[in-house]
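Q: Positions in the sequence shown are counted from 1; adding 1437 to them yields our numbering.
Dropping the structure in here first, questions after.
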Amino acid sequence: MLVLDKITAHINNGEYQFARILISVLPDNNYLQGKVLRSRIDELNGFFQYSLNLSNYVLDQLDNESSELYFDAINAKLYALWRLKNFDVANKLIEEVSAKLANTNPLSAFRSSLATFNNISGLIMWSQDQLEPAEERINFGLQIREELNEQLSISYSNNNLGNVALKRKDFDLAHSYFKKSHNIRKELGSKPAIAGSWNSFGRYFDAVGEYDKATEYHQKSINLWHDLENTQFKAKSIRFLGLNSFHKGKQDEALQLLEEAIEYFDLLDNEIDINTTKSLKQMIEQN
1438 MLVLDKITAH INNGEYQFAR ILISVLPDNN YLQGKVLRSR IDELNGFFQY
1488 SLNLSNYVLD QLDNESSELY FDAINAKLYA LWRLKNFDVA NKLIEEVSAK
1538 LANTNPLSAF RSSLATFNNI SGLIMWSQDQ LEPAEERINF GLQIREELNE
1588 QLSISYSNNN LGNVALKRKD FDLAHSYFKK SHNIRKELGS KPAIAGSWNS
1638 FGRYFDAVGE YDKATEYHQK SINLWHDLEN TQFKAKSIRF LGLNSFHKGK
1688 QDEALQLLEE AIEYFDLLDN EIDINTTKSL KQMIEQN
């Protein structure tokens, strides 16, 4: 368990190569746990189909559908499906797993996994503009995380609630959640989480029309993701900076930044984000 905790810590700190090395030397009895952790690394680095394949592999090997490992693999699969925008399959899986959870006792053995399940379920609903059920799911996960005192996970729940509020255009509430999340992340020193906060603040200031402030935060996010060698999130932050430039009336700069983001996504063979970014380019070119 100690080695698995170390791998998780490396992932949380953006030290993906160290995590991969430890996964490669796990003993046979931790083989499937290692595959789940590798699935999470792939998802966080833009290799969404690989992530989905790994989580499916683990689920195919498991007989016990009420174990912590089972729910961890389900969560990894849901994160991959979310990134792939395969919402129909994700919604069906959420429904099936929710029914299993209702008949599973006790839940205390894997409450952390249950919290993550509700968090990713909420993110999938948020992506489909189902804001009320998304908020309920994320809040339920947050409640469990607070009971378990999982500070980094608490920060992610608060950030996600900020995203719900931002999409609802409740800007003050969104900023409050983002600030609460960032304060935890700053205290913990989790660089990927801090980079995520810079992105959240950037999107917030874009939404309220304070574009120069937004530019500063987007650039800070890009710089930190660059330091972490995370091409996926660096590219996403460049894309947000491109949209920020568009809002500031700098069309040529916006198109150049979006093209740069596409080049990074192409390094990952990430067709989902390539197509999303191309659509944004087309929208700007038509304005």
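Ideal Cβ placement from N, Cα and C applies to all residues, glycine included.
On a predicted model such as this, the values are computed, not experimentally measured, just so you know.
Going straight from the alpha carbon of Ser1716 to that of Leu1518, what length do you get?
A: Their Cα atoms are separated by approximately 21 Å.
Q: Checking 9 Å against the spacing of the C-beta atoms, do Gly1578 and Leu1603 come in under that value?
A: For Gly1578 and Leu1603, no; Cβs fall outside 9 Å.
Q: Which residue marks the beginning of the alpha helix (DSSP H) containing Asn1712, and which one marks its end?
A: Asn1712 -> alpha helix (DSSP H) spans Glu1708 to Glu1722.
Q: Assuming Glu1583 and Ile1591 form a contact by the criterion Cβ under 8 Å, report the distance between their Cβ atoms to the nearest whole angstrom.
A: Going by Cβ atoms, the distance from Glu1583 to Ile1591 rounds to 6 Å, so yes, they are a contact pair.
Q: Report all residues from its chain with a CB closer than 6 Å to the CB of Tyr1654; omit the five preceding and five following residues, and keep chain order.
A: If we look at Tyr1654 and ignore the five residues flanking it on each side, its Cβ neighbours are Trp1635, Phe1638 and Gly1639.
Q: Between the Cα of Ile1617 and those of Tyr1468, Gly1599 and Ala1539, spot the shortest distance and give me the residue it belongs to.
A: Just to set this straight, residue 1617 is Lys in the shown sequence, not Ile. Of the listed residues, the one whose Cα sits closest to Lys1617 is Gly1599.
Q: Can you tell me which of the three DSSP states Lys1671 falls into?
A: In this structure, Lys1671 counts as helix in the three-state DSSP scheme.
Q: Does the distance from the CB of Asn1597 to the CB of Trp1563 come in under 9 Å?
A: Yes; because the gap between Cβ atoms is below 9 Å, this pair is in contact.
Q: Within the chosen definition, does the region 1468-1476 reach the region 1501-1511 through at least 3 CB pairs nearer than 8 Å?
A: Yes: the two stretches touch, three or more of their Cβ pairs being nearer than 8 Å.
Q: Rounded to the nearest angstrom, what separates Glu1587 and Gly1686 at their Cα positions?
A: Distance between the alpha carbons of Glu1587 and Gly1686 is about 42 Å.
Q: Work out the CA separation of Gln1669 and Ile1721 for me, nearest whole Å.
A: Cα-Cα distance, rounded: 22 Å.
Q: Let me confirm a value: Pro1629 is counted as buried when at least 16 other C-beta atoms fall within 10 Å, else exposed. Which label applies?
A: Buried, by the Cβ-count rule.
Q: Going by CA-CA distance only, name the one from Leu1625, Ile1581, Val1645 and Leu1589 that's closest to His1612.
A: Looking at the Cα atoms, Val1645 is the closest of the given residues.
Q: Would you kindly work out how many angstroms separate the C-alpha atoms of Asn1712 and Lys1657, rounded to a whole number?
A: Roughly 25 Å separates the two Cα atoms.
Q: Please check the pair Ser1381 and Asn1449, which I expect to be a contact at CB under 8 Å, by giving their CB distance rounded to whole angstroms.
A: Outside the displayed range of the chain (1438 to 1724) lies residue 1381, so it cannot be described from this structure.
Q: Distance check for Asp1465 and Leu1678, CA to CA, integer angstroms please.
A: Rounded to whole angstroms, Leu1678 to Asp1465 spans 45 Å at the Cα level.
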